[in-house]
Amino acid sequence: MLEITYIVKGWEWFEGLLISSLKRIFPRVGSLVFPLIFLIGLAGVLGFSDRKESIPAYAAILLAILLLALCGVPAVRAFQYSRNKLLSTPSTWRIGAERIEILSRGKETRTGWKSFGKMTETWHLFLLPSAANTQSVYFIPKRAFRDDAQRECFREMAKRARGK
37 MLEITYIVKG WEWFEGLLIS SLKRIFPRVG SLVFPLIFLI GLAGVLGFSD
87 RKESIPAYAA ILLAILLLAL CGVPAVRAFQ YSRNKLLSTP STWRIGAERI
137 EILSRGKETR TGWKSFGKMT ETWHLFLLPS AANTQSVYFI PKRAFRDDAQ
187 RECFREMAKR ARGK
């Protein structure tokens, strides 16, 4: 059984919320959506613009709108979550091949791997979405693991559990 204890920090909230939002909104293409929307918008600006000197300004406005739309909501939520006392307490996870126990602020949850959807790995996090509630995602910072061997063990347990 693997045991980790951690607190999700500010930037990790943003990264997790941004990636999970993109995966919820655009489940198949994920991180390719932003560049594609920008390129399509830029192509539209190029096609409809009579004054070619104003194209960089239009492109900058389009980019700002897209950034605000895609990153603004996760940034605000990350700010709120990082200041929430309940969410800023340490969580201890006991991870086994068949089940996971989560202990956080006096609350204990025991669940099987079937309660989670497909795990996503980001730069700093493992994201475990709830299989029953698409709005619920657990964030596990990679820094919570002692070393690469522990991280690899967790990856393998998640893969085996999804393969059943």
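Counting the sequence shown from 1 gives a position; this note's numbering is that position plus 36.
Note that the Cβ used here is the ideal one computed from N, Cα and C, for glycine as well.
Buried versus exposed, by CB contacts within 10 Å (16 or more), residue i
i, result
"residue 52", "buried"
"residue 97", "exposed"
"residue 197", "buried"
Close-in-space but distant-in-sequence residues of the same chain around residue i (CB under 7 angstroms, 5 per side omitted)
i, result
"residue 114", "46, 49, 50, 53"
"residue 110", "50, 53, 54, 57"
For residue i, three-class secondary structure by DSSP
i, result
"residue 144", "strand"
"residue 122", "coil"
"residue 172", "coil"
"residue 48", "helix"
"residue 129", "strand"
"residue 152", "strand"
"residue 137", "strand"
Sequence-distant residues of its chain with Cβ nearer than 6 angstroms to residue i (five each side left out)
i, result
"residue 118", "46, 49"
Start-to-end residues for the alpha helix (DSSP H) that takes in residue i
i, result
"residue 190", "184 to 199"
Unbroken beta strand (DSSP E) run spanning residue i, endpoints
i, result
"residue 41", "38 to 42"
"residue 162", "161 to 165"
contact_flag[the region 121 to 137, the region 147 to 154] where n(CB pairs < 8 angstroms) is 3 or more: yes
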